[in-house]
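Asks: Let me give you the structure first, and then I'll get to my questions.
Residue numbers (my numbering): 180 to 489.
This is the structure in structure tokens:
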């Protein structure tokens with residue numbers, strides 16, 4: 180591993196040297212960990228010098244937060260920033276132990292959280308490829324089509340789909356009563372293809388369901404269909420239709436949210452439809468929508484691409 184070659188002022192270097200000796204003699208840390216601490220701390224010391232600072236007690240919490248932000252801008256991983264902050268906290272604790280510092284400015288500073296990956300979704304053409312199929316009179320295929328149409332048409336969670344009872348759905352009105360996370364109830368509209376296919380499934384349901392079964396969607400055994408069975412059937416359907424993306428209930432829900440937001444630009448409405456308690460949860464779809472807009476811009480705008488000078 181490369182070591183820093185810059186010469187630091189004694190006011191910065193001497194406390195570091197004492198800390199390195201402390202790590203070797205009293206902490207018993209591995210050579211690898213010692214080198215990592217040294218690399219991190221001397222990089223930060225060089226940053227201090229570049230700002231015209233020459234003493235460790237000139238650092239405050241604002242500077243430490245700025246250091247973490249700079250790491251993000253420079254493309255550091257959150258885990259690497261956390262390591263940098265950890266080494267700084269340990270060093271400051273050592274200075275406090277020696278009486279060279281009264282408080283640890285890095286103590287309350289956390290590394291930026293790892294960004295949540297954006298949910299994958301199907302584009303409109305893929306949804307068409309998945310759902311626009313030749314008429315199939317097989318009752319279980321009708322059930323599967325109804326589940327997918329309802330999931331995409333109403334943006335349901337897998338658990339919400341499985342938990343729907345007959346009494347919860349009004350096909351003619353295009354309305355479902357859904358019990359979501361935290362046992363919170365909401366009414367969700369659906370229409371068009373979902374109404375048609377749920378209606379068709381209801382004509383066959385009695386041939387499968389046990390006499391006292393309340394579930395809207397049942398298995399061949401006549402009981403409420405399981406989460407795993409829904410996932411398996413949807414994945415197999417996607418393969419049969421030749422859709423490149425792996426089909427899952429979550430992907431249909433994400434696709435519903437993305438497509439409704441693209442069409443309406445109404446984040447609050449999407450929040451209500453998805454049953455999100457906080458709009459911050461729904462805002463991840465604004466990033467997806469922006470990706471869609473940015474891609475359209477790059478493809479359509481006459482000055483979006485650099486000219487080929489070759």
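A virtual CB, placed ideally from N, CA and C, is assigned to each residue, including glycine.
1. For the 8 Å Cβ check, are there 3 or more pairs between the segment 311 to 331 and the segment 366 to 386?
2. Identify every residue that forms a DSSP beta bridge with residue 368.
3. Using 8 Å as the Cβ pair cut-off and three pairs as the minimum, do the segment 352 to 369 and the segment 329 to 336 touch?
4. Taking the CB atoms as reference points, tell me whether residue 190 and residue 234 lie closer together than 8 Å.
5. Pull up the distance between the alpha-carbon of residue 418 and that of residue 409, whole angstroms please.
6. Relative to the C-alpha of residue 288, which residue among 277, 303, 266 is closest?
7. Taking DSSP as the reference, what is the three-state secondary structure of residue 336?
8. Which residue or residues does DSSP assign as beta-bridge partners of residue 348?
9. Can you tell me which of the three DSSP states residue 397 falls into?
10. Does the beta-carbon distance from residue 404 to residue 413 come in below 8 Å?
11. Given that a residue counts as buried once 16 or more other Cβ atoms are within 10 Å of its Cβ, and exposed if not, what is residue 355?
12. Check for me: the alpha helix (DSSP H) holding residue 247 runs from which residue to which?
13. Going by alpha carbons, who is nearest to residue 244 out of 433, 204, 264?
14. Looking at the secondary structure, which residues open and close the alpha helix (DSSP H) in which residue 201 lies?
15. So what does residue 403 bridge to, in DSSP terms?
16. Assuming the contact rule is C-beta atoms closer than 8 Å, residue 284 and residue 240 should be a hit. Round their C-beta distance to whole Å, please.
17. If you follow the alpha helix (DSSP H) that residue 275 is part of, which residue opens it and which one closes it?
18. Going by beta carbon distance, what residues of the same chain come within less than 8 Å of residue 303, once the five residues before and after it are set aside?
19. So, helix, strand or coil for residue 421, using DSSP?
20. Output the distance between the C-alpha atoms of residue 199 and residue 213, rounded to the nearest integer angstrom.
21. On the criterion of 16 or more Cβ atoms from any shown chain inside 10 Å, does residue 312 qualify as buried, or is it exposed?
22. Buried or exposed: which applies to residue 210, given that a residue is buried once 16 or more other Cβ atoms fall within 10 Å of its Cβ?
23. Residues in its own chain within less than 8 Å of residue 344 by CB, not counting five upstream and five downstream?
24. Do you know how far the Cα of residue 290 is from the Cα of residue 346?
25. Pop quiz: residue 350 and residue 381 are said to be a contact at Cβ under 8 Å. What is the actual Cβ separation, rounded to whole angstroms?
26. Report all residues from its chain with a CB closer than 6 Å to the CB of residue 338; omit the five preceding and five following residues, and keep chain order.
Replies: Judging by the given coordinates:
1. yes
2. 354
3. yes
4. yes
5. 14 Å
6. With distances taken between Cα atoms, residue 288 lies closest to 266.
7. coil
8. 355
9. strand
10. no
11. Residue environment analysis places residue 355 among the buried positions, since at least 16 neighbouring C-beta atoms fall within 10 angstroms of its C-beta.
12. Note, residue 247: alpha helix (DSSP H), 240 to 252.
13. Per the Cα distances, 264.
14. 189 to 201
15. Residue pairing by DSSP places residue 403 opposite 397 in a beta bridge.
16. 5 Å
17. 257 to 277
18. Here the set comprises 438.
19. coil
20. 7 Å
21. exposed
22. Under this definition residue 210 is an exposed residue.
23. 393, 394, 395
24. 49 Å
25. 7 Å
26. none
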